[in-house]
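For the sequence shown, this note's numbering begins at 13 and goes up steadily by one. For every residue, glycine included, the Cβ atom is placed at its ideal position computed from N, Cα and C. What follows is a single structure, written as structure tokens, with notes after it.
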Amino acid sequence: MPAAIQTRLSLPLLAVALGACSAGFAQEPAPQAGWTPPIGPNPVFDTAPAAAPEHRLIVTDLNLGPDAVGDPHSHPWEEFLYVIAGEALVGLPGAEPEVVSPGETFIIPPRVVHTPKAGPEGVRAIVIRVHMADDPVTLP
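Here it is in structure tokens:
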């Protein structure tokens, strides 16, 4: 069979196969069992990315118990919050506290004092920050 005809036949078959695969992903949720870190901030990464060697990528798996409240602090750069379970209560100066639920995100601006707070069932969240290499992780 000529290559041009093979290519024309192969592309529709590939599209059908990929469609079947993606349909399976959309219909079957991932298993819910997994690892639960200890209470508190649990470091995942603190490294210099190759794409930005003068910076630090800081990733934390945050696990707080019911209604837990941390100490007020800020960071030299943005903090990106992604809630996995429970709820985070984020209060920034001059704004009403906002509830951040599983699957939702919140960006805390640089140098804005905030206090970590968990909802009534606690919170588990991934916290991501990118700092200059010599910057402290938190500011008092």
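Below 8 Å on the Cβ atoms is my contact criterion, and I expect proline 49 with aspartate 83 to pass it. Report the Cβ-Cβ distance as a whole number of Å. Here the question's residue 49 lines up with position 37 in the sequence shown. Here the question's residue 83 lines up with position 71 in the sequence shown. Not confirmed; about 19 Å, so no contact.
Cβ neighbour criterion (16 or more within 10 Å) applied to glycine 2: Because the chain spans 13 through 152 in this model, residue 2 falls outside it and cannot be assessed.
Let me check understanding here. Comparing Cα to Cα, which of Val142, Asp147, Thr150, Phe118 lies closest to alanine 63? Along the sequence shown, one-based indexing puts residue 63 at 51. Considering only alpha carbons, the answer is Val142.
Mapping the DSSP letters down to three states, classify arginine 123 as helix, strand or coil. The residue labelled residue 123 in the question sits at position 111 within the sequence shown. Looking at arginine 123 - three-state DSSP - the assignment turns out to be coil, as it is neither helix nor strand.
Where does arginine 136 land, buried or exposed, given buried means 16+ other C-beta within 10 angstroms? As a working mapping, residue 136 is identified with position 124 in the sequence shown. Counting Cβ neighbours within 10 Å, arginine 136 comes out buried, since at least 16 surround it.
Along the chain, where does the beta strand (DSSP E) that runs through leucine 93 open and close? Stepping through the sequence shown from its first residue, residue 93 is reached at position 81. 91-102 is the extent of the beta strand (DSSP E) around leucine 93.
Given that a residue counts as buried once 16 or more other Cβ atoms are within 10 Å of its Cβ, and exposed if not, what is leucine 151? Here residue 151 corresponds to residue number 139 of the sequence shown, with the count starting at 1. Looking at its Cβ environment, which holds fewer than 16 other Cβ atoms inside 10 Å, leucine 151 is exposed.
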